[in-house]
């Protein structure tokens, strides 16, 4: 789940030994932090340089920034990278992959996100995105299937915690490079929701990815697209902060679906 706050800020972005203060609209992701997480991250940083040289980047240096949970690395041509870009690349690598480099020990997947994409400056595409949103809300209200998205209320879906439902985003946010909104889908509703998007997406692109303890893999190797794929900004994703407090933790447990269904 991406819980969002938008504020104007100056931030110092580290690139090797130098830094620069960059004014921008800073998108903050509220991910619960812990000392244990930071400790694990620092320990991981020591191993990352050797691991990633065999894995998915042309990394030559990897560190974990003090007071920050982001992995920082430098690729083979000297460009700085952060977060998920230290784990994934569009380039080949110079040493063979090892089994441990991309082995993910997940069980059965029980929850997914659909993300509806549109060009945020295109009024027609925004109208199409709103049309899809309205049709989804109607389907949930009619008990055709259960998904959670912006606009769902306790009246439409009794018991849902509406305070954590993400926004209808009018600008790029997180890994999403354009206007978007998230549609949470449990396993119980995946066939119906997938059928809906295949029939009703029109000309909009839809990203479908699972929710597991590996957010970077979920948004890359496990991602599926309906329509034209978009390039995601992986810098805000992290491989080492999953779990119940991570970026894509199990959602809406009050509904008793997906990972929190009885017997899971």
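In our numbering, the protein residues as written are 25 to 288. Built from N, CA and C at the ideal position, the CB exists for glycine as well.
Item, Value
"From residue 258 to residue 190, what distance separates their C-alpha atoms?", "19 Å"
"Rank 245, 215, 237 by C-alpha distance to the C-alpha of residue 283 and give the top, closest one.", "237"
"So is residue 98 buried or exposed if we call it buried at 16+ other beta carbons inside 10 Å?", "buried"
"Answer yes or no: do residue 137 and residue 249 have a C-beta to C-beta separation smaller than 8 Å?", "no"
"Are the CB atoms of residue 240 and residue 111 within a distance shorter than 8 Å?", "yes"
"Under a Cβ-count criterion, where at least 16 other Cβ atoms within 10 Å of its own Cβ denotes burial, should residue 134 be classed as buried or exposed?", "buried"
"For residue 220, collect the residues of the same chain with a Cβ closer than 8 Å to its Cβ; drop the 5 residues on either side in sequence, then sort them by chain order.", "159, 160, 163, 169"
"Confirm, please, whether the CB-CB distance from residue 153 to residue 203 is below 8 Å.", "yes"
"Go ahead and label residue 253 buried or exposed: buried means 16 or more other beta carbons lie within 10 angstroms of its beta carbon, across all protein chains shown.", "exposed"
"Given this structure, state the Cα-to-Cα distance separating residue 200 from residue 228, to the nearest angstrom.", "14 Å"
"Work out the CA separation of residue 195 and residue 107 for me, nearest whole Å.", "21 Å"
"Give the range of the alpha helix (DSSP H) segment to which residue 164 is assigned.", "147 to 165"
"Tell me the DSSP secondary structure of residue 205 in three-state form.", "strand"
"Is it right to say residue 101 is buried, meaning 16 or more other beta carbons lie within 10 angstroms of its own, or is it exposed?", "exposed"
"Sorted by chain position, which residues of the same chain lie with C-beta nearer than 7 Å to residue 277's C-beta, five sequence neighbours on each side aside?", "284"
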